[in-house]
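2 protein chains.
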Amino acid sequence: MTAMEIGKEVAALCKQGKNQDAIDRFYAPNVVSIEACAMPGMERTQKGIQAIKDKNQWWVDNHEIHGGSVDGPYPHDDRFILHFKYDVTPKQTGQRITLDETGLYTVQNGKVVKEEFFYSM
Amino acid sequence: MTAMEIGKEVAALCKQGKNQDAIDRFYAPNVVSIEACAMPGMERTQKGIQAIKDKNQWWVDNHEIHGGSVDGPYPHDDRFILHFKYDVTPKQTGQRITLDETGLYTVQNGKVVKEEFFYSM
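Residue numbers (my numbering), protein chains in the order written: chain C, 17 to 137; chain X, 17 to 137.
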């Protein structure tokens, strides 16, 4: 599968809130995930599918998700970008906010081998 | 200047249609610009400020621009992403369309040294 084809599938699953399915189906076992900033109690970089699923689960467990949108994929050779907007209430603050960020995904041999998130806090 | 600071300035100038000013002020002399696809009669990769200004001028000359938006910057270390939507009529076709693309910018020593555009045709 090309970066564009994988990007379409990942975007469709993220729109349905099925991020864990996207990771299971389209991520390489040794995938690397890098945040723009460290999340509470976590390193910026996570390695391997299980670590990335754990980070995703932490995020879902710690946010009330009211809605969201996913724009893209925007492809360029073996990479694609997605643009996420999430209307959420972090459980720690109770304050409803819009999370607005982009993800840059690198594909090798038909699997995502790197995801990098771009945002400011 | 950090990638975030340069990203803010570049986004603000692009919103005003002052892309040429952004290139003059924030791009390194040896900057490289890479399209997702080759434009008509052009290579995918342009090198140097003048080549990039020429490409930009070609684009302005060949599109009637009705409006647009620039989201971002979304920073990650020495890079940032911008998300562009342009409501345009290419003069060649006369057919009004929305161009929806993202740009990934790499900063070194306070200047943009690489811009890569992500989109599908």
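Built from N, CA and C at the ideal position, the CB exists for glycine as well.
Where the beta strand (DSSP E) containing residue i begins and where it ends
| i | result |
| --- | --- |
| Gly88 (chain X) | His79 to His92 |
| Glu131 (chain X) | Lys127 to Phe134 |
| Gln124 (chain X) | Ile113 to Gln124 |
| Arg95 (chain X) | Arg95 to Pro106 |
| Thr61 (chain X) | Thr61 to Lys63 |
Enclosing alpha helix (DSSP H) for residue i [first to last residue]
| i | result |
| --- | --- |
| Ala11 (chain C) | Since the first residue of chain C shown is 17 and the last is 137, residue 11 (chain C) is not available in this structure. |
| Ala38 (chain C) | Asn35 to Phe42 |
Rounded straight-line distance, which links the Cα of residue j to that of residue i
| i | j | result |
| --- | --- | --- |
| Ile68 (chain C) | Asp77 (chain X) | 46 Å |
| Leu120 (chain X) | Met58 (chain X) | 20 Å |
| His79 (chain C) | Pro106 (chain C) | 4 Å |
| Cys53 (chain C) | Thr109 (chain X) | 44 Å |
| Thr114 (chain C) | Met20 (chain C) | 27 Å |
| Phe42 (chain C) | Val129 (chain C) | 9 Å |
| Leu29 (chain X) | Arg112 (chain C) | 31 Å |
| Ala27 (chain X) | Glu51 (chain C) | 22 Å |
| Val86 (chain X) | Asn72 (chain X) | 16 Å |
| Gln62 (chain X) | Ser49 (chain X) | 5 Å |
| Tyr102 (chain C) | Pro56 (chain C) | 19 Å |
| Glu131 (chain C) | Thr122 (chain C) | 7 Å |
| Val104 (chain X) | Ile81 (chain C) | 35 Å |
Cβ of residue i within 9 Å of any chain C Cβ
| i | result |
| --- | --- |
| Met20 (chain X) | yes |
| Thr109 (chain X) | no |
| Tyr102 (chain X) | no |
| Arg95 (chain X) | yes |
| Ile50 (chain X) | yes |
| Phe133 (chain X) | yes |
| Pro106 (chain X) | no |
9 Å Cβ cutoff met for residue i and residue j
| i | j | result |
| --- | --- | --- |
| Thr118 (chain C) | Thr18 (chain X) | no |
| Pro89 (chain C) | Phe96 (chain C) | yes |
| Gly64 (chain C) | Pro45 (chain C) | yes |
is_contact[residue i, chain X] using C-beta, thresh 9 Å
| i | result |
| --- | --- |
| Ser136 (chain C) | yes |
| Ala27 (chain C) | no |
| Pro56 (chain C) | no |
| Pro45 (chain C) | no |
| Gly33 (chain C) | no |
Open item on the list: Along the stretch 59 to 86 of chain X, where does the CB come closer than 7 Å to a CB of chain C? Name the residues.
Closed with: Of all residues in the stretch 59 to 86 of chain X, none has a C-beta nearer than 7 Å to a C-beta of chain C.
- [ ] Give, in chain order, every residue of the stretch 115 to 130 of chain C whose Cβ lies closer than 8 Å to some Cβ of chain X.
- [x] Residues Asp116, Glu117, Thr118 and Leu120.
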